[in-house]
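I have placed the structure first, in the form of structure tokens, so that the comments after it can refer back to it.
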Amino acid sequence: MRGMTEDTYDVIIVGAGPAGLTAAIYARRRLLKTLVLTMDIGGQVVLTENIENYLGYTEKSGPGLAIIFEKQARKYGTEIIIGEVKRIEKESGLFTVHSSAGDFMSRSVIVTGGRMPRRLNVPGEEELIGKGVSTSLTCNLDLTIGKNVAIVGGGNTALQRAEVLSKTAAKVYLIHRRDQFRSDEVTVEKVRSCPNVEFLLNTVVEEMKGRKRLEKIAAKNLCTGECKELDVEMTFIDIGRDIKLDYVKGLVKTNELGRIVVDKACRTSCEGMFAAGDITDFPYAQAIIAAGQGATAILSAYAYLTKGKDQKVCY
1 MRGMTEDTYD VIIVGAGPAG LTAAIYARRR LLKTLVLTMD IGGQVVLTEN IENYLGYTEK
61 SGPGLAIIFE KQARKYGTEI IIGEVKRIEK ESGLFTVHSS AGDFMSRSVI VTGGRMPRRL
121 NVPGEEELIG KGVSTSLTCN LDLTIGKNVA IVGGGNTALQ RAEVLSKTAA KVYLIHRRDQ
181 FRSDEVTVEK VRSCPNVEFL LNTVVEEMKG RKRLEKIAAK NLCTGECKEL DVEMTFIDIG
241 RDIKLDYVKG LVKTNELGRI VVDKACRTSC EGMFAAGDIT DFPYAQAIIA AGQGATAILS
301 AYAYLTKGKD QKVCY
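Every letter in the sequence shown is one number past the one before it in my numbering, and letter 106, counting from 1, is 106.
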């Protein structure tokens with residue numbers, strides 16, 4: 001039977017997006033021994049070109065907001081280790097988190113990370129990932145100067161990227177399989193005003209071509225059946241992310257979409273394990289909501305760890 005040691009954490013937080021880092025800040029202000037395990041810092045925020053609706057933040061840069069999150073979390077002594085969580089086990093009331101960075105033990109766990117970029121699954125895509133085809137939502141703008149680029153997607157991320165790239169690229173093709181966007185109307189209107197952005201609606205990518213790097217993509221109009229090749233040097237796939245939570249399989253209840261079911265206190269079906277952010281069954285995926293859930297999750301975790309004895313508010 002395992003027992004606690006001096007290396008046992010009070011809470012391990014998986015993921016370092018708005019939910020995870022908010023939870024970390026609240027945890028450290030309660031002097032909990034805290035570890036954040038993550039594959040990146042910033043989560044969806046760092047993958048968004050423009051942030052225009054996060055209260056109190058007017059700089060707009062998604063990566064810039066992520067830097068602020070990290071700086072504040074580290075200010076309170078948050079330990080952050082970069083690594084992929086492989087599996088979480090629970091035995092005798094303690095959790096063991098197995099990761100590529102090692103195994104760690106904790107009295108509680110908050111799950112906030114587990115979204116992987118979707119792929120188009122078309123010929124040539126896999127071979128050209130990193131060679132002109134990107135599933136990362138960030139990019140070096142210098143690499144797009146004077147080039148023809150394509151963006152696949154119809155949400156805020158795709159539209160925001162189109163607006164940003166229109167300032168550096170020679171031509172931007174915005175490819176979307178429908179004729180309506182999921183993006184905010186104000187963002188759509190901004191992109192429509194960009195003279196070098198061409199909308200290809202009701203259109204899908206059927207193939208990506210290139211020898212050593214991406215050279216062309218084959219696109220098909222779903223209404224007319226017309227197929228054409230576009231000369232592009234870079235293509236960004238912004239069609240969302242899928243939930244990948246195999247590391248908590250068997251521990252928590254999930255819904256039909258694979259998201260973790262939580263109550264209003266962000267408690268899961270596994271005692272001592274909490275969840276927050278886009279990987280939960282909460283209907284809205286917004287950075288500010290994720291941050292609020294992160295705070296809720298750690299307050300619930302603190303009540304669990306202290307058996308509810310200390311419920312005073314700590315700002």
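Heads up, the beta-carbon is just placed ideally off N, CA and C, and yes, glycines get one too. The structure displayed is predicted, hence computed values, not measured ones.
Can Gly42 and Ala16 be called in contact, C-beta distance under 8 Å?
yes
Under the three-state reduction of DSSP, which class applies to Tyr247: helix, strand or coil?
helix
Would the beta-carbon of Tyr26 fall within 8 Å of that of Leu299?
yes
Give the list of continuous beta strand (DSSP E) stretches no shorter than 3 residues that lie fully inside the segment 87-145.
94-99, 102-106, 109-111, 115-117
Keeping to the same chain, check which residues put their C-beta closer than 8 Å to that of Gly83; ignore five residues upstream and five downstream.
Leu37, Thr38, Met39, Ser99, Ser100, Ala101, Gly102
Any idea if Ser92 is buried or exposed, counting beta-carbon neighbours within 10 angstroms, 16 or more meaning buried?
exposed
What is the DSSP secondary structure of Lys241, reduced to helix, strand or coil?
In the sequence as displayed, the identity of residue 241 is Arg instead of Lys. Note: Arg241 maps to strand in three-state DSSP.
Collapsed DSSP secondary structure at Ile221 in the structure displayed:
According to the sequence as given, residue 221 is Asn; it is not Ile. Strand at Asn221.
In three-state DSSP terms, what is Ala275?
strand
How about Ala301 and Val97: are their beta carbons less than 8 Å apart?
no
Quick one: what's Tyr173 bridged to in DSSP?
Ala150, Glu198
Report all residues from its chain with a CB closer than 7 Å to the CB of Gly258; omit the five preceding and five following residues, and keep chain order.
Ile243, Leu245
Straight-line Cα distance separating Cys266 from Lys312
Here Lys312 scores only 46 on pLDDT, less than 50, and its place in the model should not be relied on; the value that follows carries that caveat. Whole-angstrom Cα-Cα distance: 19 Å.
Own chain partners of Tyr304 with C-beta closer than 7 Å, once the 5 adjacent residues on each side are dropped
Ser108, Gly272
What's the gap between the Cα of Thr144 and the Cα of Lys171?
10 Å
Could you tell me which of Asp278, Ala297, Gln286 sits nearest to Thr268, measuring between CA atoms?
Ala297
Spatial neighbours of Lys190 within its chain, please: CB distance less than 7 Å, with the 5 preceding and 5 following residues excluded, ordered by chain position.
Glu163
Pick helix, strand or coil for Glu256, following the three-state DSSP scheme.
coil
Any idea which residues DSSP pairs Cys227 with across the strands?
Lys220
Can you give the Cα-Cα distance for Arg182 and Ala158, rounded to whole angstroms?
10 Å
Using the three-state DSSP reduction, which class does Glu163 fall into: helix, strand or coil?
helix
Pick from Gly240, Thr203, Leu65, Lys33 that is closest to Glu229, judged by C-alpha positions:
Thr203
Expressed to the nearest angstrom, what Euclidean distance is found between the alpha-carbon atoms of Gly20 and Gln293?
9 Å
Just to confirm, are Leu65 and Ile51 a CB contact at a threshold of 8 Å?
yes
On a Cα-Cα basis, can you pick out the residue from Ile217, Arg241, Gly225 that is closest to Asp231?
Ile217
Of the choices Arg118, Gly114, Ala169, Val122, whose alpha-carbon is the least far from that of Leu141?
Ala169
Please determine, among Tyr54, Arg118, Leu201, the residue with the shortest C-alpha to C-alpha distance to Thr319.
This structure gives no information on residue 319, because the portion of the chain shown stretches from 1 to 315.
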